[in-house]
Amino acid sequence: MKRKRVVVLGATGSIGESALKVAHDIPDRMEIVGLAANSNAAKLAAQANRVRPKAVCLVDESKLGELRGALEYQPRIFSGENGLIEIACLDEAEMVLVAVVGTGGLRPALAAIEAGKDLAVASKEILVMAGEIVMKAARGKGVQVLPVDSEHNAIFQCLDSQRQRRTPNAERPTPNEDRDVRRLILTASGGPFRNTPNEQFESITMEQALRHPTWNMGPKITIDSATLFNKGLEMIEAHWLFGVEMKRVEVVIHPQSIVHSMVEFADGSVLAQLSHSDMCFPIQYAVTWPERVPNSLPPLDFGKLSKLEFATPRYDDFPALNLARRAGEVGGTLPAVLNASNEIAVAAFLAKQISFPRIWQTVEEVMDRHSPVAQPTLDAILRADQWARAEAAETLRR
Ligand code: NDP
Ligand code: MG
Numbered sequence: 027m028k029r030k031r032v033v034v035l036g037a038t039g040s041i042g043e044s045a046l047k048v049a050h051d052i053p054d055r056m057e058i059v060g061l062a063a064n065s066n067a068a069k070l071a072a073q074a075n076r077v078r079p080k081a082v083c084l085v086d087e088s089k090l091g092e093l094r095g096a097l098e099y100q101p102r103i104f105s106g107e108n109g110l111i112e113i114a115c116l117d118e119a120e121m122v123l124v125a126v127v128g129t130g131g132l133r134p135a136l137a138a139i140e141a142g143k144d145l146a147v148a149s150k151e152i153l154v155m156a157g158e159i160v161m162k163a164a165r166g167k168g169v170q171v172l173p174v175d176s177e178h179n180a181i182f183q184c185l186d187s188q189r190q191r192r193t194p195n196a197e198r199p200t201p202n203e204d205r206d207v208r209r210l211i212l213t214a215s216g217g218p219f220r221n222t223p224n225e226q227f228e229s230i231t232m233e234q235a236l237r238h239p240t241w242n243m244g245p246k247i248t249i250d251s252a253t254l255f256n257k258g259l260e261m262i263e264a265h266w267l268f269g270v271e272m273k274r275v276e277v278v279i280h281p282q283s284i285v286h287s288m289v290e291f292a293d294g295s296v297l298a299q300l301s302h303s304d305m306c307f308p309i310q311y312a313v314t315w316p317e318r319v320p321n322s323l324p325p326l327d328f329g330k331l332s333k334l335e336f337a338t339p340r341y342d343d344f345p346a347l348n349l350a351r352r353a354g355e356v357g358g359t360l361p362a363v364l365n366a367s368n369e370i371a372v373a374a375f376l377a378k379q380i381s382f383p384r385i386w387q388t389v390e391e392v393m394d395r396h397s398p399v400a401q402p403t404l405d406a407i408l409r410a411d412q413w414a415r416a417e418a419a420e421t422l423r424r
């Protein structure tokens, strides 16, 4: 059995930490050869001193002195946005785990594909923004795009086990072509405000929104889980990853976060994937795929699971889902606009500048003002992203 040599982009974040745990847990199967972060020099150095990757990268060049001072050995050091691209193309690496919050991982991901690396993608934002481009580039190069997002990893597992076929993404028929798949059903915890009456939404505080009932994640995705934009982004992510039309991607509320998603087949049978809500499960599957290996993660104790509940989302109270469906159906540059305006609005909410409902109001206003470009090039997507950020900031100033 071979160890997979992995570069982790976004190492100091929540997913990055889980990836380090997985590498520690299955040392015969995973070796971390590169670690990259934005500006947290102290944490990156501590991780590197522990794991001893061949290379590290810090995007924020002003913190390089701090990084060098804290390192106890001499790895190759990259820096700046270009450094992130260079470490993603590291000769020693076979796989790049993209776990940078937001869209900063897009260019490094495309460069890694070009260099022949497989991708494990946690950063759903890059698939929402440029899913068609990423998947096309991966097919062209014959490399894998393995989903780390728990729902997509679950769907990937259900599709895999159904077919008993170990062919890579690139050669496998997409569920669209493969008429045996009827629906992809994404589960959503519903976030902390699943049962909150909408009259109370105006007074929701940042602290309340950061208290997620089932998952422990970075701040941006935690707010996205509270507005349900996270699930909206995931609908578009699923559309691109699995080549399924938006109308066949559905959402169901499942507060326990034990069933991570489901696939309904043509005969009406539904397969689901279950585990505790710990991102180590999907990260490990992405790394060891197509094999499964033992680990030290806790198994489910069905005697202790009191219940698994399912419900229809409150579409009228949480407009994010319909906005995302619209963006995914229109396609072109509109998903990038939804994603970018959401990032700006979430940052403003985290800075306590706007109310909770202002997040989706801002996204809707910016989407309404956008004239989508069909079949956009990467440049057109990046322009739409920049336009939406400026437009959202302007909307929030007014
Ligand atoms: P965190 O906020 O915990 O961590 C973000 C990481 O990205 C940090 O390492 C940060 O470095 C780094 N980073 C931020 N900006 C840049 C940049 N411009 N260039 C390079 N690195 C950067 O986020 P999460 O780990 O929660 O999420 C990461 C991604 O994974 C997101 O896209 C999220 O949607 C997705 N995801 C997360 C899940 C989770 O359970 N957390 C579940 C499913 C998907 P620094 O520390 O130096 O700032
Ligand atoms: Mg998810």
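In our numbering, the protein residues as written are 27 to 424. Even glycine gets a Cβ: it sits at the ideal position worked out from N, Cα and C. All of these numbers come straight from a predicted model, not from anything done at the bench.
At a threshold of 8 angstroms, does residue i count as lining ligand 1 (C-beta to nearest heavy atom)?
i, result
"Glu487", "A query on residue 487 cannot be resolved here, the shown segment of the chain reaching from 27 to 424 and no further."
"Glu151", "yes"
"Met261", "no"
"Lys69", "yes"
"Pro223", "no"
"Ser283", "no"
"Ser215", "no"
"Lys47", "no"
"Gly128", "yes"
"Pro361", "no"
Report yes if the C-beta of residue i is less than 8 angstroms from at least one heavy atom of ligand 2; otherwise report no.
i, result
"Ser40", "no"
"Asp304", "no"
"Glu98", "no"
"Ser301", "no"
"Ser176", "yes"
"Asn368", "no"
"Asn365", "no"
Would you list the residues sitting across from residue i in a DSSP beta bridge?
i, result
"Val207", "Phe291"
"Thr213", "Val278"
"Ile103", "Val82"
"Glu57", "Arg31"
"Val296", "Glu290"
"Pro173", "Val147"
"Met121", "Val32 and Asp144"
"Ala337", "Ile279"
"Val285", "Leu300"
To the nearest angstrom, how far is the alpha carbon of residue i from that of residue j?
i, j, result
"Ile103", "Ala67", "12 angstroms"
"Arg274", "Ala264", "10 angstroms"
"Glu225", "Pro218", "15 angstroms"
"Arg192", "Arg208", "Note that Arg192 scores 42 on pLDDT, short of 50, meaning its location in the model is unreliable; the coordinates nonetheless yield the value given after this. So the two alpha carbons sit approximately 21 angstroms from each other."
"Met288", "Ser88", "45 angstroms"
"Met161", "Val169", "9 angstroms"
"Glu290", "Gly130", "34 angstroms"
"Met232", "Ala214", "20 angstroms"
"Gln379", "Gln387", "14 angstroms"
"Arg415", "Glu151", "14 angstroms"
"Gln73", "Ala45", "11 angstroms"
"Ser105", "Val85", "5 angstroms"
"Leu54", "Gly329", "What sits at residue 54 in the sequence shown is Asp, not Leu. Each residue's alpha carbon lies about 33 angstroms from the other."
"Lys469", "Lys47", "Missing from the structure shown is residue 469; the chain here goes from 27 to 424 and no further."
"Ser301", "Asp343", "29 angstroms"
"Met155", "Ile407", "7 angstroms"
"Asp394", "Ser40", "34 angstroms"
"Val124", "Glu107", "14 angstroms"
Can you list, in chain order, the residues of its chain whose CB lies under 7 angstroms from that of residue i, leaving out five sequence neighbours each side?
i, result
"Arg133", "Ile111"
"Asn348", "Tyr341"
"His238", "Gly217, Pro218, Thr248 and Ser251"
"Gly142", "Lys167 and Val169"
"Arg409", "none"
"Ser283", "Ser215, Thr240, Trp241 and Ser303"
"Gln190", "Because Gln190 carries a pLDDT of 49, less than 50, the predicted location of this residue cannot be relied on, and the following value inherits that uncertainty. Excluding sequence neighbours, Gln190 sits near nothing in its chain."
Under 8 angstroms Cβ to Cβ from residue i, same chain only, skipping five residues before and after it: list those, please.
i, result
"Ala292", "Arg205, Asp206, Val207 and Arg208"
"Lys80", "Val59, Gly60, Pro101, Arg102, Leu116 and Glu118"
"Gln183", "Gln299 and Tyr311"
Excluding the 5 residues flanking residue i on each side, which residues of the same chain have their C-beta closer than 6 angstroms to its C-beta?
i, result
"Ile230", "Phe382"
"Gly216", "Ile279 and Pro281"
"Pro402", "Gly358 and Thr359"
"Ala353", "Leu360, Pro361 and Leu364"
"Ala366", "Asp411, Ala414 and Arg415"
"Ala346", "Thr253, Leu254, Phe255, Gly258 and Trp386"
"Glu391", "Thr421"
"Arg424", "none"
"Pro398", "Val356, Gly358, Thr359 and Leu360"
"Ser176", "His286 and Pro308"
At the 9 angstroms Cβ level, is residue i part of the contact set with chain C, yes or no?
i, result
"Phe182", "Protein chain content of the structure displayed is limited to a single chain, and chain C is not contained in it."
Checklist entry - Hey, is the segment 268 to 285 in contact with the segment 366 to 382, meaning 3+ C-beta pairs nearer than 8 angstroms? => result no
Item to check | At least 3 beta-carbon pairs within less than 8 angstroms: the segment 91 to 99 vs the segment 28 to 36 | outcome: no
Checklist entry - Are the segment 285 to 301 and the segment 313 to 320 touching, with three or more C-beta to C-beta distances below 8 angstroms? => result no
Next on the checklist: Is it the case that the segment 253 to 268 contacts the segment 408 to 421, given that we only count it when at least three CB pairs across the two stretches are under 8 angstroms?
Outcome noted: no
Checklist entry - Taking contact to mean at least 3 C-beta pairs separated by less than 8 angstroms, is the segment 112 to 129 in contact with the segment 46 to 62? => result yes
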